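Numbering (this note's numbering), first residue to last: 1 to 701.
Notes for the one structure printed next.
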């Protein structure tokens, strides 16, 4: 039997033999002779890489393609081409030519001319005029410093390569004579520092490459006139400013590459007009913000790459409007906060890459952070400092096929954490930090049943007797719960109401059987309070159990809020961590009330706009509840049917209600104003109640 390498070698040898035989047959049948030392294949005469003086004095008249590259040619004798009436392509790359050569009478038949890697300093219309049929011109890697107006005569040129020159200036009108034909223009790797407005009046151009120049700013209407452009490359320019309408006029644009620049935000101003854009590459910039309405004009995006930037937050509005997005790359950022609903609306997303961020709490504490992504097939979460996985971490990902959790020091994985993903085909996991107690005994069995063992490298860190052992070598009897080294919350912070200007204290406690150092943090509305006033203490106590008495350390952390304002309102939560993982308390709500007696004189709430019938199956569209008062009250939108749904949000906020019950049900919605005064709660009667067929959409309060 032959190896694969031997078979490939035989195949290559067979191709060479066939080419030689073809050349010989062609020579005999048509009385064609190949001038030595050139090599001929069919209609190609290859005279490349010859020593000085070896180029033959005559080239066969039947030549269609001629290769004279790599010959150190400084000049060419036009008589060499005087009989080549069939010549359509000539390669003169890697020579020492200082001008576009005269190729004789039949230059008018040439369609492809390669002059890359020579010493040509300028483009001359006179030198190009004989090439009446020229469609492809390669002048890359020469010494061209500018392109003057009328540098090109009227030619049917489709492909023009000017990359790797020293071009620093484009004169208005430099491409005018190519406007009816040019489709591909490469100006990458030059020295352009600015792009004159409307310099590209090329209505048939489809691909433009301006990467690796020195363009720092793009003005509005710069690319006006490129109506057929489908792809634009501007990587590695040092771009820091894209003005409003920078890409206006690119009505057929499909691919925009802006990688490796200095852009700081994404806004709809510079994306204005890109209605057909399908791929946007913004990797390796310094983007720290995505404006709420950024995607208003490019809702046909199917691929967005915003990896390797400075994003620290994904807001609820970060991806609004991208319902057709198929791939989203956000890896190598600084994301530590993902708002509830940040991925809502990405109904077509199949691939999400979040590798190398800081979203551990998203996986550990959020309730189904990816639940809206019911079509997602690939999720990359490697390198995110994830330490525990809960059974709600991946809820809603019914279509997921590939999950990558590698390069996370995962310590605990709750039972059934992956069970909802019925279509999972590959799980990548490598950790040597597992807490191998009774709660983990399910993992090796499940991994083996799913045949994921080849991609799972998991070993124990605790207890000491199992440290370093693969979970696949630990027997089921050895997974026991003799202690609890990971912190366990024993006292939850309590919901409170307070008067404006008073002090508030939240208390949270946790216990652990480990002497591992403990860290404490408090969050407000899912964001860490870095400058909060926090007091921590610890004490030992003895706890009895089935295995006897155990010495336990109990830790208490106190959050002190002084002179609270209305802005202090929110949900507060403590996070207590040690080497074995983190525990998250429940979220305690703080409500701040006015200390003015005039608050009792608040007027009756009014319904700003009446809910209307909606064709979809969510709550009433555009129902605005406007309550006038001395302070922002709490407004409750209540929708009732077979069972009720009630949610409370503050004024000016948005609530998503649903999905609800059947589309044919009749429900009613009403606004309630809840006033808090010195611990008392007063509710008004419903106002402007209206019976409607409720269907889900956003309700603004």
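Glycine residues also receive a C-beta, built at the ideal position from the N, C-alpha and C atoms.
These numbers come from a predicted model, not from an experiment.
To the nearest whole angstrom, what separates the beta carbons of residue i and residue j, a pair I think is in contact under 8 Å?
{"i": "residue 256", "j": "residue 277", "result": "6 Å"}
{"i": "residue 144", "j": "residue 121", "result": "6 Å"}
{"i": "residue 288", "j": "residue 265", "result": "7 Å"}
{"i": "residue 48", "j": "residue 67", "result": "5 Å"}
{"i": "residue 397", "j": "residue 421", "result": "6 Å"}
{"i": "residue 166", "j": "residue 191", "result": "6 Å"}
{"i": "residue 348", "j": "residue 317", "result": "With 8 Å as the limit, residue 348 and residue 317 do not qualify as a contact, their Cβ atoms being about 18 Å apart."}
{"i": "residue 201", "j": "residue 230", "result": "Wrong, their Cβ atoms sit about 17 Å apart, outside the cutoff."}
{"i": "residue 512", "j": "residue 485", "result": "6 Å"}
{"i": "residue 593", "j": "residue 514", "result": "Contact doesn't hold; Cβ gap of about 42 Å is too wide."}
{"i": "residue 413", "j": "residue 384", "result": "No, residue 413 and residue 384 are not in contact; Cβ-Cβ is about 15 Å, not under 8 Å."}
{"i": "residue 153", "j": "residue 128", "result": "6 Å"}
{"i": "residue 704", "j": "residue 297", "result": "Absent from the model: residue 704. The displayed extent of the chain is 1 to 701, so no value can be given."}
{"i": "residue 60", "j": "residue 45", "result": "6 Å"}
Tell me which residue opens and which closes the alpha helix (DSSP H) that residue i is part of.
{"i": "residue 522", "result": "Counting along the chain, residue 522 falls outside any alpha helix (DSSP H), though it belongs to the beta strand (DSSP E) covering 519-524."}
{"i": "residue 445", "result": "442-449"}
Bridge partners for residue i per DSSP, in chain order?
{"i": "residue 265", "result": "289"}
{"i": "residue 431", "result": "458"}
{"i": "residue 533", "result": "560"}
{"i": "residue 170", "result": "147"}
{"i": "residue 581", "result": "578"}
{"i": "residue 160", "result": "137, 185"}
{"i": "residue 488", "result": "511"}
{"i": "residue 570", "result": "590"}
{"i": "residue 470", "result": "459"}
{"i": "residue 112", "result": "89, 136"}
{"i": "residue 207", "result": "184, 231"}
{"i": "residue 538", "result": "555"}
{"i": "residue 388", "result": "412"}
{"i": "residue 200", "result": "Paired residue(s): none; residue 200 is not in a bridge."}
{"i": "residue 46", "result": "39, 67"}
{"i": "residue 242", "result": "218"}
Could you give the DSSP three-state label for residue i: helix, strand or coil?
{"i": "residue 575", "result": "strand"}
{"i": "residue 272", "result": "coil"}
{"i": "residue 353", "result": "strand"}
{"i": "residue 365", "result": "helix"}
{"i": "residue 593", "result": "strand"}
{"i": "residue 527", "result": "strand"}
{"i": "residue 328", "result": "strand"}
{"i": "residue 380", "result": "strand"}
{"i": "residue 555", "result": "strand"}
{"i": "residue 194", "result": "coil"}
{"i": "residue 426", "result": "strand"}
{"i": "residue 41", "result": "strand"}
{"i": "residue 125", "result": "helix"}
{"i": "residue 627", "result": "At residue 627, the pLDDT of 34 sits below 50, so the modelled position is not reliable; the number obtained from the coordinates is stated separately. Three-state result, residue 627: coil."}
{"i": "residue 550", "result": "strand"}
{"i": "residue 178", "result": "helix"}
{"i": "residue 80", "result": "helix"}
{"i": "residue 257", "result": "strand"}
{"i": "residue 299", "result": "coil"}
{"i": "residue 732", "result": "Since the first residue shown for the chain is 1 and the last is 701, residue 732 is missing from the structure and cannot be characterised."}
{"i": "residue 360", "result": "helix"}
{"i": "residue 54", "result": "coil"}
{"i": "residue 154", "result": "coil"}
{"i": "residue 464", "result": "helix"}
{"i": "residue 74", "result": "coil"}
{"i": "residue 420", "result": "coil"}
For the beta strand (DSSP E) that contains residue i, what are its first and last residues?
{"i": "residue 89", "result": "89-91"}
{"i": "residue 511", "result": "504-512"}
{"i": "residue 184", "result": "184-186"}
{"i": "residue 303", "result": "303-305"}
{"i": "residue 498", "result": "496-499"}
{"i": "residue 279", "result": "279-281"}
{"i": "residue 404", "result": "402-404"}
{"i": "residue 65", "result": "65-67"}
Check the Cβ-Cβ distances between residue i and every residue of chain D, and say whether any is below 8 Å.
{"i": "residue 34", "result": "No chain D appears in the structure shown, which is made up of a single protein chain."}
Counting pairs of beta carbons, one from the stretch 445-462 and one from the stretch 489-500, are three or more of them closer than 8 Å? no
Touching by the beta-carbon criterion (3+ pairs, under 8 Å), the stretch 80-89 and the stretch 107-114: yes
Pairs of beta-carbons, one from the stretch 189-208 and one from the stretch 217-225, closer than 8 Å: are there three or more? yes
Answer yes if the stretch 485-497 comes into contact with the stretch 466-474, meaning at least three C-beta pairs across the two stretches below 8 Å, and no otherwise. no
Could you say if the stretch 473-484 and the stretch 530-542 meet the contact criterion of at least three C-beta pairs nearer than 8 Å? no
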